[in-house]
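Contents: one structure, followed by commentary.
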Amino acid sequence: VERGAPGALGFLTLQELDALRIDRGEALVTEFDQGIHDPQTFRTEVTKLKLEISSRKSQVDDDFQLFSDTEEMPEDPNRRALVEYYEIYDNATRLSGVVDWDKVERLETQLRSGWTQEQRDFVDRNTGLTEWGPKMQEYVFDQNALSESGYWDIQDPGQSEKRRQLRRTNPEIDRILVKWYGYKQTGLRVPSFNRGTTSGGLRIPALK
Numbered sequence: 028v029e030r031g032a033p034g035a036l037g038f039l040t041l042q043e044l045d046a047l048r049i050d051r052g053e054a055l056v057t058e059f060d061q062g063i064h065d066p067q068t069f070r071t072e073v074t075k076l077k078l079e080i081s082s083r084k085s086q087v088d089d090d091f092q093l094f095s096d097t098e099e100m101p102e103d104p105n106r107r108a109l110v111e112y113y114e115i116y117d118n119a120t121r122l123s124g125v126v127d128w129d130k131v132e133r134l135e136t137q138l139r140s141g142w143t144q145e146q147r148d149f150v151d152r153n154t155g156l157t158e159w160g161p162k163m164q165e166y167v168f169d170q171n172a173l174s175e176s177g178y179w180d181i182q183d184p185g186q187s188e189k190r191r192q193l194r195r196t197n198p199e200i201d202r203i204l205v206k207w208y209g210y211k212q213t214g215l216r217v218p219s220f221n222r223g224t225t226s227g228g229l230r231i232p233a234l235k
């Protein structure tokens with residue numbers, strides 16, 4: 028973490044948080060592969076994990092604590108991006124205390140699309156999100172590839188054919204959407220529980 032040298036206790040705490048994140052990430056992908064989670068639930072659980080760890084790390088981040096007290100953003104663009112990332116959790120928490128995880132995912136996507144590559148790299152390094160186990164790393168790589176492809180930039184419902192065309196001409200993007208989002212290869216989305224077993228134990232055959 029690119030900050031002043033922390034004390035031994037703080038360093039160990041950050042190490043423990045990273046170890047916890049990596050272990051839980053690997054377990055999530057294993058459960059997804061076993062059909063325990065449908066794609067939407069899996070992605071939500073990954074978002075929860077990332078934000079939980081980041082929220083706990085933000086408690087020892089000097090810039091974020093200063094922003095919380097004064098609402099003053101750091102002048103350095105990289106540190107400003109890091110504060111913006113930590114702020115996602117607060118902005119997506121309802122008055123009831125319940126976190127809107129769809130909003131979390133949407134806010135993070137919007138932020139990352141507006142950051143420079145240097146800012147994205149800085150945030151990932153300082154939150155530890157560049158370091159995952161091999162199973163979760165595949166998911167992270169695929170998410171980055173999907174984002175960089177421009178697929179999510181095509182948001183107008185009237186441009187659905189443009190999305191399908193992007194998938195037809197880019198088999199790798201199609202593979203990512205099929206595996207992690209539950210899409211059919213035709214470009215149409217399949218029902219949420221399309222693989223493995225549901226939470227109630229009902230076996231659902233995978234659609235081809």
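Counting in my numbering, the sequence shown runs from 28 upward without gaps. Virtual Cβ for every residue (Gly too), placed ideally from N, Cα, C.
Using only alpha-carbon positions, find the residue among Ala108, Phe69, Glu158, Glu175 that is nearest to Trp128.
-> That would be Phe69, whose Cα lies nearest to the Cα of Trp128.
Helix, strand or coil: how does DSSP classify Thr68 here?
-> helix
Look at the alpha carbon of Lys206 and the alpha carbon of Leu55, and state the distance between them as a whole number of angstroms.
-> 14 Å
Starting from Ser174, trace the alpha helix (DSSP H) both ways and give me its first and last residue.
-> Note, Ser174: alpha helix (DSSP H), 161 to 175.
Spatial neighbours of Tyr208 within its chain, please: CB distance less than 7 Å, with the 5 preceding and 5 following residues excluded, ordered by chain position.
-> Pro66
Taking the Cβ atom as the reference point for each residue, do Ile80 and Arg106 lie within a distance shorter than 7 Å?
-> no
Determine the contact status of Val167 and Ala108, defining contact as a CB-CB distance below 7 Å.
-> no
Terminal residues of the continuous alpha helix (DSSP H) containing Asn197?
-> That residue, Asn197, is in no alpha helix (DSSP H); it is neither H nor E in DSSP.
Give a yes or no on whether the C-beta atoms belonging to Glu58 and Gly160 are separated by under 7 Å.
-> no
Option nearest Asn197 by Cα separation, candidates Val131, Gly177, Asp183 | Gly177
Which ranges would you report for the beta strand (DSSP E) in the segment 73 to 142 if only whole runs of at least 3 residues count?
-> none
Residue range of the alpha helix (DSSP H) that includes Glu145 = Bounds of the alpha helix (DSSP H) holding Glu145 are 144 to 154.
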